[in-house]
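A.B. asks: A single structure is presented below for examination.
2 protein chains.
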Amino acid sequence: MSPPESKVDVLVIGAGPAGLFAAHGLARAGVSVKIVDQRPCRVAAGQADGIQPRTIEVLQSYGLAERLLREANQMHMAAFYNPSADGGIERTGRAPDVTATTARWPFEATLHQGAIEALFMDPMREMGLEVDRPTVPTALELSEDEELLKDPQSYPVKVTVKHLDHADAQNDTEVVHAKFVLGADGAHSWVRKILGVTLDGEQTVYPVIDYIWGVVDIIPSSDFPDIRNKTAIHSPNGSCMIIPREGDKIRLYIQLSEKDVEKDIQTGRVDKSKVGPQQLMEVAKKIFKPFNIDYVGEIDWWTIYVIGQRVASQFSVKERVFIAGDACHTHSPKAGQGMNASMNDSHNLVWKLTHVLRGNAEMSLLKTYEFERRKYAQDLIDFDKQWSALFSGKPRTEDNQDGVAHEDFLKAFQTFGAFSSGIGVHYAPSAITNYTHQSLSPNQLIGTRILPHVFIRAADARPYEIQDLLPSDTKFKILVFAGNTTKPEQWKRVDNLAKEISTGEHGFLQIYNRDLFDVWTISSGKKEVVDYTDIPEILRPHWSHVLLDDTDMYARTGGGGYERYGIDPERGAVVVVRPDGYVGIVAPLEGVKGIQEYLSVFLKKSSS
Amino acid sequence: MSPPESKVDVLVIGAGPAGLFAAHGLARAGVSVKIVDQRPCRVAAGQADGIQPRTIEVLQSYGLAERLLREANQMHMAAFYNPSADGGIERTGRAPDVTATTARWPFEATLHQGAIEALFMDPMREMGLEVDRPTVPTALELSEDEELLKDPQSYPVKVTVKHLDHADAQNDTEVVHAKFVLGADGAHSWVRKILGVTLDGEQTVYPVIDYIWGVVDIIPSSDFPDIRNKTAIHSPNGSCMIIPREGDKIRLYIQLSEKDVEKDIQTGRVDKSKVGPQQLMEVAKKIFKPFNIDYVGEIDWWTIYVIGQRVASQFSVKERVFIAGDACHTHSPKAGQGMNASMNDSHNLVWKLTHVLRGNAEMSLLKTYEFERRKYAQDLIDFDKQWSALFSGKPRTEDNQDGVAHEDFLKAFQTFGAFSSGIGVHYAPSAITNYTHQSLSPNQLIGTRILPHVFIRAADARPYEIQDLLPSDTKFKILVFAGNTTKPEQWKRVDNLAKEISTGEHGFLQIYNRDLFDVWTISSGKKEVVDYTDIPEILRPHWSHVLLDDTDMYARTGGGGYERYGIDPERGAVVVVRPDGYVGIVAPLEGVKGIQEYLSVFLKKSSS
């Protein structure tokens, strides 16, 4: 009897943060998705837990940040402790935890991975999509027929999966024919291995015993005054990082020394079976002296890890099978990057897959996934190596002048801030990122996410964060910074723009599927005098789509938007925001031809 | 066969905004409640729809504002139109719709009454409480046994109710024995009538035909530039007010003249059966000239009303049967007060009933309901009379120098702002409002709601709006503004306060049920140096209960709190916030005796 067969647009293998993010995003866009995972249920405790500022913005763009922020802890303050003269530790200083000043939410959110996974699974369930589990893939075949591979509507990938809890062992396999497959199956990715994709880089060289860390999740009992801050302790007895968590919980990352762990004499590797959470707490107590650290109740979760830093040599095979998340890059957990990098891989891929599947975009668009995300992963590894070395290094003291000085540590902390927050991600020029007119918006870098800023809606003076008006709904957002429309000559430029984008040889609103675009107009005029009805109708498809660069009624928020982006408040500019919230191209009001040429590289003309 | 009998702590008659607010609040506090309503289902369209800034704060204190703000429209801007030289209208100016600058949400929210009712009914359902409908009361008996009336645990009220849709007409009545009854059954209140409570005031004198208004809810088709603002039009053809609503809807209040309506010659009253929505739109079209106003689709809802302004002579009978909302006060809808006054009546009553029922408070506490809310209702009527006259008056023109000048209208609009927003509500001295030490917090008036302000949590530098830390959970909030605790002599004062409130003859934390109080400490120290662990433990029952008067890490919010309240940042003060969010008493750090005396008037000592 042959196994049952099924067809799906995208098969996602792995239901961790990367896989769930992709499945949720694709399902939300109306793509047919199947997602399988080998675990029988979602993560209950521990694992990844840090959500960086940019990731909060991204989750918000899918309507998921409200719940995250309701459930998560927030880390605003970082504290630094170093050896004191009497052999204990003392606070050297406090500083903002997030140094990326443009972050809309200038803090890290912490919440256990299971709750993060629920953020996606609950709305997925409402859309009728459940994770098929416990289910593992057992075979994957990718067609070599080039014609088939060129057709986005073909099913060139055949994956055999096995349902592990099937009562009928005879009938526990299923053959899935997929247009695309995403391997989001973690650091030991089965998909990566079966594709023969190798990892560059290697695990940190042994036997640098300093680079072995223990992790415990506890509810602390302590007189340590920074127990609710993100605290980096460099003590004479090793380093420790405190990550406060939801409720009263905290996580401790505890550096282990040779004294603390047993090594296998042959391999130099730590014997994890001989270390337990009590032993980790004993090490923590030494590091914390003269402060007390203990816990109440049970230890929620614990682990021991060795830092490994690697990047996959490629992120896709023929743009038909992709890998994302830990399957493509692994690094140390202390910088709080893992879950963020994973989800942002999927965020980058979802809209591209969606438009290819809808017939709106060329297959070539998919090549930009590896281009953009592999570069990012390599930068991440470089950052992580430097950061880990600083953090694991011995502190500088009287007796150890080669140790890490607090000033160097703090400087690195602040320098790396833009990167580690995710805010600094800057995609290089490519088919979807055109730097030509960067000078028109010097403060809004092309290839970075649209800067958060509050504008006032012209029709009713209601303040809106612009990021909230540009959700991850797969549309390109055409932001017409119309300049000073109260001047007749500028109004004429704007009226010409309206005609050019909607008619004629560069009229991209009609050349491509109209649903691909969402048009917004932002005037530099003031709320007391501007009438939204003065804006040409093409540029205000709804009364709500005219914004002003002004404050709200009591100047509590808003204003200075043109300046923030560096756009001339008299003459304006057009900013095209990609569906993932990153700026794709900037053009002058007369630059419609350039925008059309940009779009023509990866979009297909509307058949209608 | 005698009808079934039941017992309940509080029977609420009427499930409009006042009744639902009370039933929700009581159920949330664990009080047993029954609520009946004569309507077979909740309001589907029209009716009241304006939520004032203070009401948003109150809803937030019950955790209900988030949903309201997600669903509602916001009115930030008001616009004013007056006669133009050519016989039409023109804009005279725009101004903030809300003039109460301390409002946490400085706008009015608009949402149809049915959605407001759902705000309460959905969480009520989760608590197992449904509105019993369609059900009407048919008899009410209040015991005259003084002993019984003194005992809060007795059931002195017997109400017979009839279930209107009962299949078995023989068995359609029920006798409810209640400890307390709340009549929230509207302007034609059955409860008020059966109690023999009269209304003071009278309907606006006829035949002032100007005071007849029509109302239509439409989706407009219009070139009027302020169609999404709260707009007051004084035209040569009558007055009109635009209230933008959720989605694309708006409401028009349209002044009707003698030409527009037919009057009954005998009574001078309008024959409502001879006016329809089309006729109202025809009047609106004349008022809007030279702008167009029409609608798309159907007219959602419409009505005609005559302004009536009345206050009930008493708000309770023997503090056992209360009335709230329209049952005690009616006024014109254009000032957007009705639903707000109603809900705030219930807000005032809920915590008092709860503590009497729990045995924490004396029966006398209930007298403060009428004291506080009847005074407010009278002020509301006074405001409404002046406002209605200004709004219904003819505009001042060349030919009519006695008409209402725009400057007078605007001035009244701004002067009345504090009152109409609900922010200015200021309860007079009483058993629960003690003005003695007003000089310690000159900007935080005793008897007004605690001013919203952002403080920083000491343990983790996370900013919190203080109103969110003081929910309507029936507790008294003891806010210890501890001053500059880094100075030893001030720390000593704070330490003494901690001892005094928890031990000895004034130690109210132990004299009364400990659960009545929630203690917060607010230091004037800065986040870089204050350790929450330095505050005496009595004053920090949890690590989260120590706040700082400082900005967040990027100075986007917070700071200046002592100044905002007018409290000395060196020496501090204790602010006691009532369970409804209004300040009850302020005292110096050495004033624990005074606080204990204040509490002793209405609280019962703990039996334990």
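Protein chains in written order, with my numbering: chain A, 1 to 608; chain B, 609 to 1216.
Glycine is no exception: its CB is placed at the ideal position from the N, C-alpha and C atoms.
1. How is Asn1042 (chain B) classed by DSSP in three states: helix, strand or coil?
2. Quick check: is the beta carbon of Tyr903 (chain B) nearer than 9 Å to any beta carbon in chain A?
3. For Tyr1170 (chain B), does the three-state DSSP call read helix, strand or coil?
4. Rounded to whole angstroms, what's the CA-CA distance from Thr812 (chain B) to Ser1028 (chain B)? Just pull it up for me.
5. In the segment 1055–1084 of chain B, which residues sit with their C-beta less than 7 Å from some C-beta in chain A, listed in chain order?
6. Report back the beta-carbon spacing between Thr1056 (chain B) and Tyr1190 (chain B) to the nearest angstrom; my notes put them in contact at under 8 Å.
7. Within this structure, are the beta carbons of Asp580 (chain A) and Val58 (chain A) separated by less than 9 Å?
8. If Asp908 (chain B) sits next to Ile851 (chain B), beta carbons under 8 Å apart, how far is it from one beta carbon to the other, in whole angstroms?
9. Does the segment 519–536 of chain A come close enough to the segment 546–561 of chain A to have 3 or more Cβ pairs within less than 8 Å?
10. Just curious, the beta strand (DSSP E) that Ala786 (chain B) is in, first and last residue?
11. Along the chain, where does the alpha helix (DSSP H) containing Arg54 (chain A) start, and where does it finish?
12. Please classify Pro815 (chain B): is it buried, with 16 or more other beta-carbons within 10 angstroms of its beta-carbon, or exposed?
13. Applying a beta-carbon distance threshold of less than 9 Å, which residues of chain A neighbour Trp1151 (chain B)?
14. By the three-class DSSP mapping on this structure, what secondary structure does Val205 (chain A) have?
15. Who are Ala969 (chain B)'s beta bridge partners in DSSP?
16. Using beta-carbon positions only, say whether Ile446 (chain A) and Ile501 (chain A) come within less than 9 Å of one another.
17. Is the segment 458–475 of chain A touching the segment 343–358 of chain A in the sense that three or more CB pairs, one from each, lie closer than 8 Å?
18. Could you tell me which chain C residues have their CB closer than 7 Å to the CB of Asp1139 (chain B), listed as they occur along the chain?
19. Is Pro760 (chain B) helix, strand or coil by DSSP?
20. Mind listing the chain B neighbours of Arg358 (chain A)? Cutoff is C-beta to C-beta under 9 Å, in chain order.
21. Output the distance between the C-alpha atoms of Ala985 (chain B) and Ile1031 (chain B), rounded to the nearest integer angstrom.
22. Can you pull the chain B neighbours of Pro96 (chain A), defined as C-beta to C-beta under 8 Å?
23. Tell whether a beta-carbon distance below 9 Å holds between Val10 (chain A) and Leu182 (chain A).
24. Along the alpha helix (DSSP H) that carries Thr368 (chain A), what are the first and last residues, could you check?
25. Excluding the five sequence neighbours on either side, which residues of its own chain have a C-beta within less than 8 Å of the C-beta of Arg94 (chain A), listed in chain order?
26. Under the assumption that Phe1116 (chain B) contacts Ser1038 (chain B) (Cβ atoms under 8 Å), give the Cβ distance between them as a whole number of angstroms.
27. Would you mind sorting Gly613 (chain A) into buried or exposed? The rule is 16 or more other CB atoms within 10 Å of its CB.
28. What is the rounded straight-line gap between the Cα of Pro96 (chain A) and the Cα of Leu252 (chain A)?
29. Look at Ser606 (chain A) and Asn513 (chain A) and say whether their C-beta atoms are less than 9 Å apart.
30. DSSP three-state call for Ile299 (chain A): helix, strand or coil?
31. Which runs of the alpha helix (DSSP H), 4 residues or longer, sit entirely within the segment 434–470 of chain A?
32. Quick one: which chain B residues come within Cβ less than 7 Å of His76 (chain A)?
33. Looking only at its own chain, which residues have a Cβ that is under 7 Å from the Cβ of Leu1048 (chain B), when we skip the five neighbours before and after it?
34. For Lys1201 (chain B) and Val1012 (chain B), I'd like the C-alpha separation in whole angstroms.
35. Using only the alpha-carbon positions, how far apart do Asp818 (chain B) and Leu888 (chain B) sit?
36. Would DSSP call Lys259 (chain A) helix, strand or coil?
C.D. replies: Once the coordinates are examined:
1. The sequence position of residue 1042 (chain B) within the second sequence is 434, counting from 1. DSSP places Asn1042 (chain B) in strand when its eight states are reduced to three.
2. As a first step, residue 903 (chain B) must be located in the second sequence, where it is residue number 295. Chain A contact via Cβ: absent.
3. Reading the second sequence from its first residue, position 562 is the one you call residue 1170 (chain B). In this structure, DSSP gives Tyr1170 (chain B) a helical state, which the three-state scheme calls helix.
4. Within the second sequence, the letter at position 204 stands for residue 812 (chain B). Within the second sequence, the letter at position 420 stands for residue 1028 (chain B). Low per-residue confidence applies at Thr812 (chain B): pLDDT is 48, beneath 50, and the placement is therefore not dependable, though the value from the model is reported in the following sentence. So the two alpha carbons sit approximately 20 Å from each other.
5. The residues in question are Ala1067, Asp1068, Ala1069, Arg1070.
6. One-based indexing of the second sequence puts residue 1056 (chain B) at position 448. One-based indexing of the second sequence puts residue 1190 (chain B) at position 582. Thr1056 (chain B) to Tyr1190 (chain B), Cβ: 7 Å. Contact.
7. As a first step, residue 580 (chain A) is located in the first sequence; it is residue number 580 there, counting from the start. As a first step, residue 58 (chain A) is located in the first sequence; it is residue number 58 there, counting from the start. Their beta carbons are under 9 Å apart, which means Asp580 (chain A) touches Val58 (chain A) by this criterion.
8. Start at 1 with the first residue of the second sequence, and residue 908 (chain B) comes out as number 300. Start at 1 with the first residue of the second sequence, and residue 851 (chain B) comes out as number 243. Actually they are not in contact, since the Cβ atoms of Asp908 (chain B) and Ile851 (chain B) sit about 13 Å apart, beyond 8 Å.
9. yes
10. Taking the second sequence and counting its residues from 1, one reaches residue 786 (chain B) at position 178. Unbroken beta strand (DSSP E) run through Ala786 (chain B): 781–791.
11. For the purposes of this step, residue 54 (chain A) is taken as residue 54 along the first sequence, with counting starting at 1. Arg54 (chain A) -> alpha helix (DSSP H) spans 53–61.
12. Along the second sequence, read from residue 1 onward, the residue named residue 815 (chain B) stands at position 207. Confidence at Pro815 (chain B) is low in this model, with a pLDDT of 38, below 50, so its placement is unreliable and the value that follows should be read with caution. Counting Cβ neighbours within 10 Å, Pro815 (chain B) comes out exposed, since fewer than 16 surround it.
13. Here residue 1151 (chain B) refers to the residue found at position 543 of the second sequence. Going along chain A in sequence order, the residues near Trp1151 (chain B) (Cβ under 9 Å) are Ile227, Arg228, Asp248.
14. One-based indexing of the first sequence puts residue 205 (chain A) at position 205. Confidence at Val205 (chain A) is low in this model, with a pLDDT of 45, below 50, so the placement of that residue should be treated as unreliable; the coordinate-derived value is given next. Coil at Val205 (chain A), not helix or strand.
15. Along the second sequence, read from residue 1 onward, the residue named residue 969 (chain B) stands at position 361. B:Leu1211, per the DSSP bridge assignment.
16. Taking the first sequence and counting its residues from 1, one reaches residue 446 (chain A) at position 446. Taking the first sequence and counting its residues from 1, one reaches residue 501 (chain A) at position 501. No, these two residues do not count as a Cβ contact at 9 Å.
17. yes
18. Of the protein chains in this structure, namely A and B, none is chain C.
19. Taking the second sequence and counting its residues from 1, the one referred to as residue 760 (chain B) is at position 152. Here Pro760 (chain B) sits in coil by DSSP.
20. As a first step, residue 358 (chain A) is located in the first sequence; it is residue number 358 there, counting from the start. None at all; the shortest Cβ gap to chain B is about 28 Å.
21. Taking the first residue of the second sequence as position 1, residue 985 (chain B) is located at position 377. Taking the first residue of the second sequence as position 1, residue 1031 (chain B) is located at position 423. Their backbone Cα atoms lie some 15 Å apart in a straight line.
22. On the first sequence, position 96 is the one that residue 96 (chain A) refers to. Within 8 Å of the CB of Pro96 (chain A), the CB atoms of chain B belong to Met1161, Tyr1162, in sequence order along the chain.
23. Position 10 of the first sequence, counting from 1, holds the residue named residue 10 (chain A). Position 182 of the first sequence, counting from 1, holds the residue named residue 182 (chain A). Result yes, Cβ atoms of Val10 (chain A) and Leu182 (chain A) sit closer than 9 Å.
24. Within the first sequence, numbered from 1, the residue matching residue 368 (chain A) stands at position 368. Its alpha helix (DSSP H) spans residues 367–392.
25. Within the first sequence, residue 94 (chain A) is the residue found at index 94, counting from 1. Within the same chain, Arg94 (chain A) has close Cβ partners Met77, Ala78, Ala79, Phe80, Asp226, Asn229.
26. Here residue 1116 (chain B) refers to the residue found at position 508 when the second sequence is read from its first residue. Here residue 1038 (chain B) refers to the residue found at position 430 when the second sequence is read from its first residue. Actually they do not touch by this definition, with Cβ atoms about 19 Å apart.
27. No statement about residue 613 (chain A) is possible, as the shown extent of chain A runs from 1 to 608 and does not include it.
28. Within the first sequence, the letter at position 96 stands for residue 96 (chain A). Within the first sequence, the letter at position 252 stands for residue 252 (chain A). Going by the C-alpha atoms only, they are around 20 Å apart.
29. The count along the first sequence starts at 1 and reaches residue 606 (chain A) at position 606. The count along the first sequence starts at 1 and reaches residue 513 (chain A) at position 513. Cβ atoms of Ser606 (chain A) and Asn513 (chain A): closer than 9 Å.
30. Residue 299 (chain A) sits at position 299 when you count from the first residue of the first sequence. Ile299 (chain A): strand per DSSP, three-state reduction.
31. 466–469
32. The residue labelled residue 76 (chain A) in the question sits at position 76 within the first sequence. Neighbours of His76 (chain A) on chain B, chain order: Asp1068, Ala1069, Arg1070, Asp1160, Met1161.
33. Along the second sequence, one-based indexing puts residue 1048 (chain B) at 440. In its chain, beyond the 5 residues on either side, Ile1175, Ala1181, Val1194, Pro1196 have a beta carbon closer than 7 Å to the beta carbon of Leu1048 (chain B).
34. Along the second sequence, read from residue 1 onward, the residue named residue 1201 (chain B) stands at position 593. Along the second sequence, read from residue 1 onward, the residue named residue 1012 (chain B) stands at position 404. Roughly 55 Å between the two C-alpha positions.
35. In the second sequence, residue 818 (chain B) corresponds to position 210, counting from 1. In the second sequence, residue 888 (chain B) corresponds to position 280, counting from 1. Here the model assigns Asp818 (chain B) a pLDDT of 49, short of 50, so the residue's position is not dependable, and the following value carries that caveat. Roughly 14 Å between the two C-alpha positions.
36. Here residue 259 (chain A) corresponds to residue number 259 of the first sequence, with the count starting at 1. If DSSP states are grouped into helix, strand and coil, Lys259 (chain A) belongs with coil.
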